[in-house]
Amino acid sequence: MLISEIRDYLERFFGNVELYGASGVVITGPAKIEEASEGHVSFVSNEKYLRYLEATKASLVIVGSSVGIGEYRTGTSFIRVSDPYTAFMLLLQKFAGPRVIAEPGIAPTAVIGKGVRIGRGVSIGEYAVIGDGCSVGDHSVIGSHSVLLRDVCVGSDTTVFPRVTCYEGTIIGSRVTIHSGSVLGSDGFGFAPQEDGSYLKIPQLGVVEIGDDCEIGANTTIDRATMGRTVIGKGVKIDNLVQIAHNCRIGDHTVIAAQAGISGSVTVGRYCMIGGQAGFAGHLELADRIQVAAKSGLSKSFSDAGITLRGTPAQPMRDQLKQEALVRGLGSMKERLEMLEAELRRIRQG
Amino acid sequence: MLISEIRDYLERFFGNVELYGASGVVITGPAKIEEASEGHVSFVSNEKYLRYLEATKASLVIVGSSVGIGEYRTGTSFIRVSDPYTAFMLLLQKFAGPRVIAEPGIAPTAVIGKGVRIGRGVSIGEYAVIGDGCSVGDHSVIGSHSVLLRDVCVGSDTTVFPRVTCYEGTIIGSRVTIHSGSVLGSDGFGFAPQEDGSYLKIPQLGVVEIGDDCEIGANTTIDRATMGRTVIGKGVKIDNLVQIAHNCRIGDHTVIAAQAGISGSVTVGRYCMIGGQAGFAGHLELADRIQVAAKSGLSKSFSDAGITLRGTPAQPMRDQLKQEALVRGLGSMKERLEMLEAELRRIRQG
Amino acid sequence: MLISEIRDYLERFFGNVELYGASGVVITGPAKIEEASEGHVSFVSNEKYLRYLEATKASLVIVGSSVGIGEYRTGTSFIRVSDPYTAFMLLLQKFAGPRVIAEPGIAPTAVIGKGVRIGRGVSIGEYAVIGDGCSVGDHSVIGSHSVLLRDVCVGSDTTVFPRVTCYEGTIIGSRVTIHSGSVLGSDGFGFAPQEDGSYLKIPQLGVVEIGDDCEIGANTTIDRATMGRTVIGKGVKIDNLVQIAHNCRIGDHTVIAAQAGISGSVTVGRYCMIGGQAGFAGHLELADRIQVAAKSGLSKSFSDAGITLRGTPAQPMRDQLKQEALVRGLGSMKERLEMLEAELRRIRQG
Chain F
138 MLISEIRDYL ERFFGNVELY GASGVVITGP AKIEEASEGH VSFVSNEKYL RYLEATKASL
198 VIVGSSVGIG EYRTGTSFIR VSDPYTAFML LLQKFAGPRV IAEPGIAPTA VIGKGVRIGR
258 GVSIGEYAVI GDGCSVGDHS VIGSHSVLLR DVCVGSDTTV FPRVTCYEGT IIGSRVTIHS
318 GSVLGSDGFG FAPQEDGSYL KIPQLGVVEI GDDCEIGANT TIDRATMGRT VIGKGVKIDN
378 LVQIAHNCRI GDHTVIAAQA GISGSVTVGR YCMIGGQAGF AGHLELADRI QVAAKSGLSK
438 SFSDAGITLR GTPAQPMRDQ LKQEALVRGL GSMKERLEML EAELRRIRQG
Chain X
138 MLISEIRDYL ERFFGNVELY GASGVVITGP AKIEEASEGH VSFVSNEKYL RYLEATKASL
198 VIVGSSVGIG EYRTGTSFIR VSDPYTAFML LLQKFAGPRV IAEPGIAPTA VIGKGVRIGR
258 GVSIGEYAVI GDGCSVGDHS VIGSHSVLLR DVCVGSDTTV FPRVTCYEGT IIGSRVTIHS
318 GSVLGSDGFG FAPQEDGSYL KIPQLGVVEI GDDCEIGANT TIDRATMGRT VIGKGVKIDN
378 LVQIAHNCRI GDHTVIAAQA GISGSVTVGR YCMIGGQAGF AGHLELADRI QVAAKSGLSK
438 SFSDAGITLR GTPAQPMRDQ LKQEALVRGL GSMKERLEML EAELRRIRQG
Chain S
138 MLISEIRDYL ERFFGNVELY GASGVVITGP AKIEEASEGH VSFVSNEKYL RYLEATKASL
198 VIVGSSVGIG EYRTGTSFIR VSDPYTAFML LLQKFAGPRV IAEPGIAPTA VIGKGVRIGR
258 GVSIGEYAVI GDGCSVGDHS VIGSHSVLLR DVCVGSDTTV FPRVTCYEGT IIGSRVTIHS
318 GSVLGSDGFG FAPQEDGSYL KIPQLGVVEI GDDCEIGANT TIDRATMGRT VIGKGVKIDN
378 LVQIAHNCRI GDHTVIAAQA GISGSVTVGR YCMIGGQAGF AGHLELADRI QVAAKSGLSK
438 SFSDAGITLR GTPAQPMRDQ LKQEALVRGL GSMKERLEML EAELRRIRQG
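Chains as they are written, first to last, in my numbering: chain F, 138 to 487; chain X, 138 to 487; chain S, 138 to 487.
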C-alpha cells in the first residue's frame, strides 16, 4: 500500500489529512513506534512516545496536531490527522484484511439439522453441529466444532469462533463476535431447598438474547433466564471468563472486563464499565454510566448515573478512598491515642 | 393442558389442592405474574407480588394460604396449595417436557472405543468421542462433541451437555447434569520446585468422582487427585466457572456459586453454601452447614457447624460485621481523637 | 516391579540409595502411607507422617535421613534417599507409564489443512482440525476435538489435550502441556470509545507465544497481542481458569494459580508465584521472584525482587499484616478512646 493510498483512505474518515514527505513509498504493515523498521507505518498520540520519533525507522508516522514535523529525519513521512490513534486502528484493520475463521460455504463434515435456514455467503466450519430449527443470517461465520442446539437464531455478519456452545433458543444479533469456548444459554443456577436439605432443580425455560454489535470473550458463560430472557444489550463488550447469571439485563454499550461475575436478575445500565473480577450480588440495579472498579463487591443497588464505585462492599469512590486513607492512617492514630493516654497519666499523677 | 388437569397433577404432590373458578380453560404455558397473558399460569408466593394479582391477565394463578380469592376478577382461576413456589416449579417442568440434548441412539459420527458398555435408551450426540473401556448407564445422554477419555464411568439418567471433557478414569453418578465446557479430571496443579528454580511436574494419578444427583455448571473445572480421588458428594450443585482443585472433598448437598475457587485438599462439609468468587486456601476443613459469603477469602479451617463466614481473611459473620462497622466509623473516631487532643491542649495551656 | 529394580532406578538419580529389608518383593503401585496395603510403595518426608510408619501395610517405604529403620516391622522394606518426596514422584511417573491422550498416528476423522508439516511419531486425535500452514513437532500429541486455526506452530514432545483452541499464529514450544478447554490467542479486549458512547474494536493482530516446558491448565484463556506477542516464558506453570490479557509478558518459571487475572500489557518477572484469584491492573511491572498472595489486587508496579505482596490494593506483606492487625485491634482502640473521653469528662467536672 502506497503512502498516498493511505492518505486517500484516511481522508475518507477525517476529511482534513496532511501528508509531509515522500508519498510513493510502499508500506508493508503496522508496528509500534519503538519497534518499527523500514516499510512500517506507526503512530504517536501520547506525548511520552514523542522521544521515539527521532530514532524511528518507520517509513510513515501518523501524528496529531501537536507534533512539529520539520524536526525529524527525511527518511520518514508523516500524516497529520485530528485523532492519530483511531487513524492507526483503521490502518491496522486495513492491513489485517478479512480473517478466515472457516472456509466459505458449509464444510462437508458439518451436521445441519432439520428446518435450518442459512443465509447467503455463510461459512460453517468443520464438525459444526447446527440443531433443528436454527437460522444463520447472511455472511455469518460459525467456527468449526461450535454447537448450536435447536432453534438458535444468529443474525447477519456475525462471527462465532470455534468451540462455542449455544443452548436451545439462544438469540444472537448481527455483527456480533463470540470467542472460542463461550457457553450461551446454559441453565441458570436455580435450586429450591427441600425439607431434607437437598435441592430440587428449578427448570430453566427462558433463553439468552445477545444484541447487535456485541463481543463476547473466550470461555465466558451467560445463563438462560428461568423464564423470559437474559438480555445483553446492543454494543456490549464482554471479556474472557465472565459469568452472567440468569435473568440479568446488561444495558447497551456497557463494557465488562475479565472474570467479573454478575449474579441472577441484576440490571446494569447503559454505558457502564465493570472492572475485572468485580462481583455483584443478585437482584441489584445499576444506573447508566456507572463505573465499577476492578475487584469491587457490590451488595446493593446504585441509582446515581455516572458515579464510580469501589471496594467490598462497594461504595462511591470518594467515600471508599477516604476510608482507605483512614485505614492506612491507623498506625498514626494509634500513636496519637497512646500519647494522649500518657499525657493523661501525667495529669493524673500530676 | 386444562386447569382441571393441572389440579389433578398437583394433587399427586400436595394432596390438598383447592380450585377456584373455571376448570375447563386451556393453559398453554407459564409466565411471571406481571407479564402473564391469557392462557398463562402464574403464581404468587411472596407478599410483594400480591399487588400484581388485581391486574394480571393470567388464566390461572397458584397461590398459598394467605391470599383471599374472592377479591379478584372472574377471568382468572386460582389453585391454592401449601407451597405455591414448588407447585409452580413442577408445572414449569411439566410444560418444558423432555429436553432434547442429543437424538435417541448413537449418532453415526460418534466414535466409540473398544470395550465400551452402553446401557439401554442411551443417546450419544454427533462427534462425541467415547474412549476405550468407558461405560454409560441406562437413559443417559452424552452431548455432541463431548470427549470421554478412557475408562470413564457414567451412571444412569445422567445428562452430559455438548462440549464436556472427562479425563481418563472419571466416575460420574446417576441423575447428574454436567453443562457445556466443563472439564472433569484435568491434572492437579502440582509441581515440585527444583534447586535451579524450575519445577518438576508431580504426576497426577488419581481421578474425579461425582456423586449422584449433582449439577455441574458451564466451564467449571474439577481436577483429578494426585493419588486417590477428588470427591464431589451426592446432590452437590456447582455453578459456572468454579475451580475445584486436586484431592478436594465436597460434602453432600453443598452448593457452590459461580467463580468460587477451592484449593487443593480442602474438605467442605455437607449442606454448606459457598458464595460466588469465594476463595479457599489449601488443606482447609469446613464443618457441615457453613455458609461462606460471596468474595470471602478463607485462610483457616472452621469446625463450628452452621456458622456464616465473611471477609478476607474470613471470620464469623458477627465479628466481620462488627469490624466493618468499626472501619466505617473511623472518620468519627478520628474526629473524637482530635477533639481530645484539642481539649488536652487547652488543659495544658490551662 | 521388584524392590531391587526400584532401588536401581532411584540410584540413577540419587547415587547413594540404601535398601533395608527384602529386595525380591513385587511392588504393584504407589499409595499414601496411611492408605497403603501389601504390594504398595509409599513414602514419608514430613515428620507428622512418621506416626503412620508403625502400622503401615506398605511393602516398601521411601524415607529420608532422619528415620530410624530398625524400629519398624519386618514385612516392610525401606529405601533411604536424600529427598524421599522427589524419589516418590519419580516412582509415580514410572508406575503411571505413558498416558494415551490420542492413539498413535493421525485419526481418520482429523481434518488436516494445506501445507501442514507433521513430525515423526505425532498423534492427532479424532475430529481434531489443523488449519492451513500449521506445524506439529516430533512426538507431539494433539487431542481429539482440538482446533488449531491457521499457521499455528507446535514444538516437539508437546501434549495438547482434547478441546483446546489455538487461534491463528499461536506459537507453542516443546515439552508443553495444554489442558482441555483452554483458548490461546483469542482477541485482546481492546475497544476505542467513540463520541456517541459506543466502541470501535481495535484489531488484534499479534499472537501468543508459549515457551518450552510450560503447563497451561483447563479452561484458561491467553489473549493474543494487539501487535507483537503475548509471551509466556519458559517453564511457566499456569493453573485452571486463569486470564492473561493481550501483550502480557510472563517471566520464565513463574507459577500462576487458578482464577488469577492479569490485565493487558503487564510484565511479570521470572520465578514469581501468583496466588489464586489475584488480580493485576494493566501495564504493571513486577520484578523477579515476587510472591503475590491469593486474592490480592495489584494496582501498581513493584521493583523489589523477592518481596511478598498481599491485600487490595496490594502492599508488601509486612505493611499489610501490620495494617490488618490494626484493623483487628479497632475495637480495643475505640474502648481506649472512650475511656479517655470519660476521664476527660471527670477532669472537666473536676
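A virtual CB, placed ideally from N, CA and C, is assigned to each residue, including glycine.
Separation of residue j from residue i, as counted between CA atoms
i	j	result
Thr314 of chain S	Gly434 of chain X	30 angstroms
Val154 of chain X	Thr165 of chain X	21 angstroms
Gly306 of chain X	Val345 of chain X	8 angstroms
Gly348 of chain X	Ile369 of chain X	6 angstroms
Glu480 of chain F	Glu480 of chain X	12 angstroms
Leu156 of chain F	Ile216 of chain F	5 angstroms
Ser277 of chain F	Ala382 of chain S	27 angstroms
Ala168 of chain F	Ile444 of chain F	37 angstroms
Val429 of chain X	Leu378 of chain X	17 angstroms
Ala195 of chain S	Val392 of chain S	34 angstroms
Cys303 of chain F	His316 of chain F	12 angstroms
Paired residues, beta bridge with residue i - DSSP
i	result
Ala430 of chain X	Ala430 of chain X pairs with nothing; no bridge assigned.
Pro221 of chain S	Bridge partners of Pro221 of chain S: none, in fact.
Tyr157 of chain S	S:Phe215
Glu346 of chain S	S:Ile308 and S:Val368
Leu285 of chain S	S:Ile267 and S:Cys303
Gly321 of chain S	Here the sequence assigns Leu to residue 321 of chain S, which means Gly is not the residue at that position. Note: Leu321 of chain S sits in a beta bridge opposite S:Cys303 and S:Ile359.
Thr404 of chain F	F:Arg386 and F:Glu422
Ser260 of chain X	X:Gly242 and X:Val278
Element boundaries [alpha helix (DSSP H), containing residue i]
i	result
Arg455 of chain F	Met454 to Arg465
Ile143 of chain X	Ile140 to Phe151
When the options are compared against residue i, the one with the closest alpha-carbon
i	options	result
Tyr222 of chain X	F:Gly234, F:Pro330, F:Val163 and F:Ser438	F:Pro330
Val163 of chain F	F:Ile143, F:Gly152 and F:Ala173	F:Ile143
Gln457 of chain F	X:Lys459, X:Gln460 and X:Val464	X:Val464
Ser440 of chain X	X:Thr449, X:Ala431, X:Arg447 and X:Ile427	X:Ile427
Gly258 of chain F	F:Ser293, F:Phe417, F:Met476 and F:Ala430	F:Ser293
Thr357 of chain X	F:Ala479, F:Thr211, F:Ser323 and F:Phe232	F:Ser323
Gly466 of chain F	S:Gln460, S:Arg149 and S:Met470	S:Gln460
Glu184 of chain X	X:Gly318, X:Phe298 and X:Ser202	X:Ser202
Thr211 of chain X	X:Arg473, X:Phe232, X:Ile249 and X:Glu191	X:Glu191
Thr296 of chain F	F:Leu337, F:Ile393 and F:Gly262	F:Gly262
Asp360 of chain F	F:Val253, F:Arg254 and F:Gly327	F:Gly327
Residue i and residue j closer than 8 angstroms at C-beta
i	j	result
Asp488 of chain X	Lys251 of chain X	Examination of residue 488 of chain X is not possible in this model, given that chain X is present from 138 through 487 alone.
Ala247 of chain F	Gly280 of chain F	no
Leu197 of chain F	Ser214 of chain F	yes
Leu421 of chain X	Cys409 of chain X	no
Gly365 of chain F	Gly343 of chain F	yes
Ala397 of chain S	Ile387 of chain S	no
Tyr189 of chain X	Ile170 of chain X	yes
Lys432 of chain X	Gly448 of chain F	no
Asp376 of chain F	Gly406 of chain F	no
Arg300 of chain X	Arg300 of chain S	yes
Val178 of chain F	Ile199 of chain F	yes
Gln341 of chain X	Gly354 of chain X	no
Cys385 of chain F	Thr363 of chain F	no
Ser141 of chain S	Gly158 of chain S	no
Residue i beta carbon near the ligand NAP (any heavy atom closer than 7 angstroms)
i	result
Ala431 of chain F	By its list of ligands, the structure shown contains no ligand whatsoever, and the ligand NAP lies outside what it can speak to.
Residue span of the beta strand (DSSP E) that contains residue i, given as start and end
i	result
Val178 of chain S	His177 to Val181
Lys338 of chain F	Tyr336 to Lys338
Leu360 of chain S	Leu is not the amino acid found at residue 360 of chain S; the sequence shown has Asp there. Run containing Asp360 of chain S: Thr358 to Asp360, per the beta strand (DSSP E) assignment.
Phe328 of chain F	Phe328 to Pro330
Thr445 of chain X	Thr445 to Arg447
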